[in-house]
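Peer 1:
Number of protein chains: 2
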Amino acid sequence: MHVPAENDIIELMRDHEITPTQQRLEIAQILFTKPQHLSADQVLAMVNQDSALVSKATVYNTLKLFANKGLVKEVIVDPAKVFYDSTTTPHYHFYNVDTGTLTDIEVREMPVGNLPDLPEGTEAEGIDVIIRVRSSSHTT
Amino acid sequence: MHVPAENDIIELMRDHEITPTQQRLEIAQILFTKPQHLSADQVLAMVNQDSALVSKATVYNTLKLFANKGLVKEVIVDPAKVFYDSTTTPHYHFYNVDTGTLTDIEVREMPVGNLPDLPEGTEAEGIDVIIRVRSSSHTT
DNA sequence: ACTTGGCCTAGACAGAGTCTAAGTGTTCGG
DNA sequence: CCGAACACTTAGACTCTGTCTAGGCCAAGT
Ligand SMILES: [Mn+2]
Ligand SMILES: [Mn+2]
Ligand SMILES: [Zn+2]
Ligand SMILES: [Zn+2]
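Top to bottom, those sequences are chains A and B.
Going letter by letter, the first sequence gives residues 1 to 140 in the numbering used here.
Going letter by letter, the second sequence gives residues 1 to 140 in the numbering used here.
(1) From V47/A to D128/A, what distance separates their C-alpha atoms?
(2) Helix, strand or coil for E125/B per DSSP?
(3) Might you give, ordered along the chain, the residues of its own chain that have their beta carbon closer than 6 Å to the beta carbon of R24/A, omitting 5 neighbours on each side?
(4) Rounded to whole angstroms, what is the Cα-Cα separation between D104/B and H93/B?
(5) Strictly below 9 Å CB to CB, what residues from chain A border M110/B?
(6) Given K69/B, which residues of its chain have a CB within under 8 Å of its CB, disregarding the five upstream and five downstream residues?
(7) Shorter than 8 Å from the beta carbon of G70/B to some beta carbon of chain A?
(8) Using the three-state DSSP reduction, which class does F66/A fall into: helix, strand or coil?
(9) Measuring only the C-alpha atoms, how far is I27/B from L38/B?
(10) Does the separation of the CB atoms of R132/B and G126/A fall below 8 Å?
(11) Taking the Cβ atom as the reference point for each residue, do P145/A and G113/B lie within a distance shorter than 8 Å?
(12) My output table needs one value for L115/A: the three-state DSSP class, helix, strand or coil.
(13) By Cβ distance below 6 Å, which residues in the same chain neighbour V77/B in space, the five residues on each side in sequence not counted?
(14) Would you report the Cα separation of A124/B and T58/B, rounded to the nearest angstrom?
(15) Could you tell me how far apart the beta carbons of V82/A and L31/A are, in whole angstroms, since I believe they sit closer than 8 Å?
(16) Establish whether the CB of A124/B and some CB of chain A are separated by less than 8 Å.
(17) Measuring only the C-alpha atoms, how far is L115/A from R108/B?
(18) Got a sec: is the Cβ-Cβ distance from S86/B to anything in chain A below 8 Å?
(19) Does ligand 4 have even one heavy atom less than 7 Å from the beta-carbon of H93/B?
(20) Please list, in chain order, the chain B residues whose beta carbon lies closer than 9 Å to that of P119/A.
(21) According to DSSP, which residues form a beta bridge with E106/B?
(22) Determine which residues share a DSSP beta bridge with H37/A and list them.
(23) Roughly how many whole angstroms lie between the Cα atoms of D98/A and P119/B?
Spelled out as structure tokens, the structure:
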């Protein structure tokens, strides 16, 4: 299962209670061709590179919808923009602050201890682990 | 050593190769009264609540300067704004996505495994661990 | 046909953060 | 002292990501 067929994507969306529309399909096709980390702006550019298919508002709305329904995961590492991760299984990230590149870390490569006691009246939603790196031989 | 005296702060700044100016002192006084996580906007409001002492540009410039010199640490958990942490010793964070509140986690409360192999040509700069929580009894 | 409801869209808008160009000290050489 | 050099500060314009608004479109149901 590499580049998923349109039918697979429609089924995936139905599984997650998302009505499949033409625009959502265009966006999903781009996201789910491979594991990747894309900003909304990148998705907007990619989806419209041949012809204008999807508006800016719909790209933002759709990515947020996908995130809420668990189809993609938001990754917040850059104060300037959100990345959307097409891989939703638990994993962590390297973030190269020089290049802006995200790289996945398998959980087994970096075990993290159990959750500490949560603050009163809260429940856990997820753990983000980000290892910030910079490109070597920096004139620091 | 609670509310640090002006002289302590000047020495701290000199130690970090920061020329102490009136505006930088105003900002430092607010930051270092206690361990806390403040956005630039909050610092701007606090520093000017009595009389207009420091401009917006200087607040942003100063916080970035302090971060570069290691006086404060940037915490990136919210796509809308950066938090500045007056505690620079290693620790992790809870982030309540409902209230926007950051809470510290001591490293000993949540041991994290050794660093995995870094991507080619990079060196580590730091590890961020964020446990996202939401306030209980949510109508999800 | 008409209504309803979900979806899409252009473009206005909001808010965090940056930049620019001018002003204000402060230091330092003569 | 005096003037040049330099670092710092500032108002306000500007940029950029993301949100909102108000109307248009379309498919389904009656
Ligand atoms: Mn799923
Ligand atoms: Mn230090
Ligand atoms: Zn990832
Ligand atoms: Zn902290």
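Where is the CB? At the ideal position from N, CA and C, for every residue including glycine.
Model, not experiment: these values are computed from the prediction.
Peer 2: From the atom records:
(1) 28 Å
(2) strand
(3) T62
(4) Spanning the two alpha carbons is a distance of roughly 5 Å.
(5) Going along chain A in sequence order, the residues near M110/B (Cβ under 9 Å) are V112, G113, N114, L115 and P116.
(6) H16, E17 and I18
(7) no
(8) helix
(9) 11 Å
(10) If you check the CB distance, R132/B and G126/A come in under 8 Å.
(11) Any answer about residue 145/A is impossible in this case: the structure gives chain A only from 1 up to 140.
(12) coil
(13) Y95 and I130
(14) 30 Å
(15) In fact, because the Cβ distance is near 14 Å, the residues do not count as touching under 8 Å.
(16) At least one chain A Cβ lies under 8 Å of A124/B.
(17) Looking at the two C-alpha atoms, the distance is approximately 12 Å.
(18) no
(19) yes
(20) F94, N96, T101, T103 and V133
(21) H91/B
(22) D85/A
(23) 13 Å
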